[in-house]
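Take a look at the structure set out below.
There are 2 protein chains.
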Amino acid sequence: MEQDKIKGVNLGGWLVLEKWMAPHLFDGTNADDEYYLPQELSEKEYLARITQHRSNFITEADFLRIASAGFNLVRIPVPYFIFGDRKPFIGAIDELDRAFNWAEAYGLKILIDLHTAPDSQNGFDNGGISGVCKWAQEPTEVEFELSVLERLAKRYHDRTALYGIEVLNEPATEKMFKSMTTRYLPRDPKKAAGSAAITFEFLYDFYQRAYEILRPILPNDKVIMFHDGFDLSKWHAFFTENDFENVVLDTHQYLMVAEMEGAELNPAAYEKAMNKIGDQIAAVNRYVPVFVGEWTLFNSYTAGINTQGGINPTQQEFKGAKHLDPAELAKVYQKLWQIQVTNWNRGIGYAFWTWKLNIDTINEPAWYGWDSWAASRALDRHWINPKDI
Amino acid sequence: MEQDKIKGVNLGGWLVLEKWMAPHLFDGTNADDEYYLPQELSEKEYLARITQHRSNFITEADFLRIASAGFNLVRIPVPYFIFGDRKPFIGAIDELDRAFNWAEAYGLKILIDLHTAPDSQNGFDNGGISGVCKWAQEPTEVEFELSVLERLAKRYHDRTALYGIEVLNEPATEKMFKSMTTRYLPRDPKKAAGSAAITFEFLYDFYQRAYEILRPILPNDKVIMFHDGFDLSKWHAFFTENDFENVVLDTHQYLMVAEMEGAELNPAAYEKAMNKIGDQIAAVNRYVPVFVGEWTLFNSYTAGINTQGGINPTQQEFKGAKHLDPAELAKVYQKLWQIQVTNWNRGIGYAFWTWKLNIDTINEPAWYGWDSWAASRALDRHWINPKDI
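Chains Z and A, in that order, are what the protein sequence lines are.
If you count the first sequence from 1, position 67 lands on 67 in UniProt numbering, and the numbers rise without skipping.
If you count the second sequence from 1, position 109 lands on 109 in UniProt numbering, and the numbers rise without skipping.
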């Protein structure tokens, strides 16, 4: 057992909405993302949905269970409007305050992950607004994003539970931007006009500015974390030529991305792909600590159908999924857990995506296989055990 | 391990609301119960709160976890308006339909428990309207209640997951009625006027009528269950002089009630009280199977304060609770679990009250100790283990 490694789970879908993770929140609307939800509801109705969702989806009991299961960290995606200064969105700083108290009571660390930006840094549904990626081109909003980071740091810098702050989730550089534009069509093409990939040059600059703001506020034992922009190979100069204190590089590694990049849809191919990524992680980890901040068990083989990179049942209907025998299914998932954790531990550890999903695989069979995204369910099925590895 | 015993949990606070179990649902209103909540919200806001609560509070994942933990049954409290024919209340039959599918997928049985009646059968907050107990005096509503039972039986009679139907939860006979009137004051005294205890004569008659309606609809292997009206000693003639097929007597046994009846506030006194109740259960179980449909770990000793029968922090402020050392606390709870389950197994088994509570013991310290009402949390703390006993 690797006692010193980070064993985390993401509290996805809680303070940053993703329709597929809690579809009922979007019932009766045409909204596909956080941006359009308030446009389809009255102010009071929106408030009622959001407050009920937040107070139910993740609670004290989840922190208790996460700690009891053997995890030691939660990565908490937060939206740019967390401080409540971007109407009509509802601030979530009280929820984060409470989460810090829970984490400290149950001995967990918190990685705050700034997951969205105004007009989006990636155009994913989880970036707040699908099909739009203009934030990096809007200097005022870039400043705004930095101000959110500064306020978060000032609020939590002296909290025992604070592990660190990740300055921006999944900025879409060239390759990912292209893939996004085919997968997430904008609801309002006018709003999407002018969207563009984020360049690594922009990222280096933005990360440096964020570092300069955060480091003087955060004690040296608190981490400042940067997402790799979907390319682990772009960071050697950035980390070796700058004199950073206690920084970490975050990389997200999904089996479905490996599939998109050519891996066959079977466990042996997944193992090979993950071992190759593990080699990369080990190499980069020599000059900057590498953290796998998102990954999961989900894949097309166990889902029984080619999901084309994880396109989900709220986006497209899948029919005819092949169901593996439950014992065989468990064996595959257990192996995928082992292989992946072993590779992530060639860096400093991981955060599984995600803790909880409010989907119904029984009454809505299209969700078959999607339960493997949820660590809470995987624990009950004995597919994973953070105490083992 | 008693493989043949019923090891159940209640899905309390889900389809029948109790403010203390999910206080956020009542935020910003003066409502203390299900009856007054819709009076304080717009129709859309009420709908939004109720649907978000229901789709989040109990989900497929709970059924998975309950089964995985070693329980074999869920007792589901349902309201009289479950079929959606009593405005402004929102029907819940779709939720119950889904629960049957979940139960069958995960190998659990369901005991449907008709938990409320129009104008209430007990005046508890969990009876729907606090301080009012007039249902039994309203013949039309008595007929209505029977029609709900008939419709439930017709809908689920052939479902594998159906264990049985409990015809009425906790009718307040004389002694409990008196205690209710001092504890639950009516919001509208005019509406409460004419409230009275339910007599055992009424209950015998109502139960017999319910039996005659349900038995022809339900297959013989499905149970018809009757609550004891808070007195195990009143049922010998009823069950020996009638020729009932597959009926069960439900009795609710709370440590806090034992306290109110004179037990000292310490583990040894609780053990003595529970053993005495176990003797009663064994005696009655000779002529009718006895089920302990509600009980819990909660008590004043571990809560560190005299809660006077379980008065909760939404009703009264408690200060100065003594906190036991966590290891000692665990020892006491583990012992209370053992003693109680052992005694309930002198009948046919139990359903723990309750599976889940959405309270926050960290940010609202008044709730210290109240987490012991939730089996889900007790599992994480290793206070209980249905696989052991």
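We treat Cβ as the ideally placed atom computed from N, Cα and C, and that holds for glycine.
Any C-beta of chain Z under 8 Å from that of residue i
i: A:MET101; result: The question names Met, yet the displayed sequence has Asn at residue 101 of chain A. Judged by the 8 Å Cβ criterion, A:ASN101 is in contact with chain Z.
i: A:PHE318; result: no
i: A:HIS236; result: no
i: A:SER120; result: no
i: A:ARG209; result: no
i: A:GLN52; result: yes
Beta-carbon proximity list for residue i, same chain, < 8 Å, skipping 5 on both sides
i: Z:GLU374; result: In the sequence as displayed, the identity of residue 374 of chain Z is Ala instead of Glu. Excluding sequence neighbours, Z:ALA374 sits near THR354, TRP355, LYS356 and LEU357.
i: A:GLY278; result: THR342, ASN343, TRP344 and ARG346
i: A:THR240; result: TYR287
i: A:ILE93; result: ILE82, PHE83, GLY84 and ARG155
i: A:GLY194; result: LYS134 and GLN137
Reduced DSSP category for residue i - H, G, I as helix; E, B as strand; rest coil
i: A:ALA196; result: coil
i: Z:TYR163; result: strand
i: Z:PRO77; result: strand
i: Z:VAL257; result: helix
i: Z:HIS323; result: coil
i: Z:GLY128; result: coil
i: A:ASN10; result: strand
i: A:TYR211; result: helix
i: A:ASP243; result: coil
i: A:TRP31; result: One point to set straight first is that residue 31 of chain A is Ala, not Trp, in the sequence displayed. Note: A:ALA31 maps to coil in three-state DSSP.
i: Z:GLY91; result: coil
i: Z:ALA22; result: coil
i: Z:ALA273; result: helix
i: Z:HIS157; result: coil
i: A:PHE177; result: helix
i: Z:GLY349; result: strand
i: A:ASP113; result: strand
Residues near residue i in its chain [Cβ-Cβ closer than 7 Å; skip 5 each side]
i: Z:THR116; result: VAL16, PRO79, TYR80, GLY127 and GLY128
i: Z:GLN334; result: TRP383
i: A:ARG377; result: ASP371
i: Z:ALA153; result: ILE165, LEU214, ILE217 and LEU218
i: A:TRP337; result: LEU297, TRP383 and ILE384
i: residue 412 of chain A; result: The structure shown does not extend to residue 412 of chain A, since chain A is modelled only from 1 to 389, so the question has no answer here.
i: A:ASP231; result: THR173
i: Z:LEU329; result: THR302
i: Z:TYR106; result: PHE63, LEU64 and ALA67
i: A:ALA269; result: ALA263
Where residue i meets chain C, residues with beta-carbon distance less than 9 Å
i: A:ASN358; result: Included in the structure are the protein chains Z and A, with no chain C among them.
is_contact[residue i, chain A] using C-beta, thresh 8 Å
i: Z:ILE362; result: yes
i: Z:SER179; result: no
i: Z:HIS24; result: yes
i: Z:ARG49; result: yes
Contact set for residue i: own chain, Cβ-Cβ below 6 Å, skip 5 residues either direction
i: Z:LEU185; result: GLY131
i: Z:PHE352; result: VAL9 and ALA375
i: A:ASP325; result: none
i: A:ASN312; result: TRP20
Distance cut-off 7 Å: residue i Cβ against heavy atoms of the ligand HEM
i: A:ARG155; result: Among the components modelled here there is no ligand, and therefore nothing to report on the ligand HEM.
Residues from the region 308–339 of chain Z in contact with chain A, defined by Cβ distance under 7 Å: none
The region 57–72 of chain Z: positions lying closer than 7 Å to chain A by Cβ: PHE57, THR59, GLU60, ALA61, LEU64, ARG65 and SER68
Members of the region 28–45 of chain Z that neighbour chain A once the beta carbon cut-off is set at 7 Å: SER42, LYS44 and GLU45
Residues, ordered as in the chain, of the region 77–110 of chain A that lie near chain Z by beta-carbon distance below 9 Å: Under the 9 Å Cβ criterion, the region 77–110 of chain A contributes ASP97, ARG98, ASN101, TRP102, GLU104, ALA105 and TYR106.
Interface positions of the region 370–386 of chain A facing chain Z (Cβ-Cβ less than 9 Å), listed along the chain: ASP371, ALA374, SER376, ARG377, LEU379, ASP380, ARG381 and HIS382
Segment contact, 8 Å Cβ cut-off, at least three pairs: the region 282–290 of chain Z with the region 334–348 of chain Z: yes
The region 221–228 of chain A in contact with the region 246–258 of chain A per 3-pair CB rule at 8 Å: yes
The region 30–43 of chain Z / the region 136–143 of chain Z touching (three or more Cβ pairs under 8 Å): no
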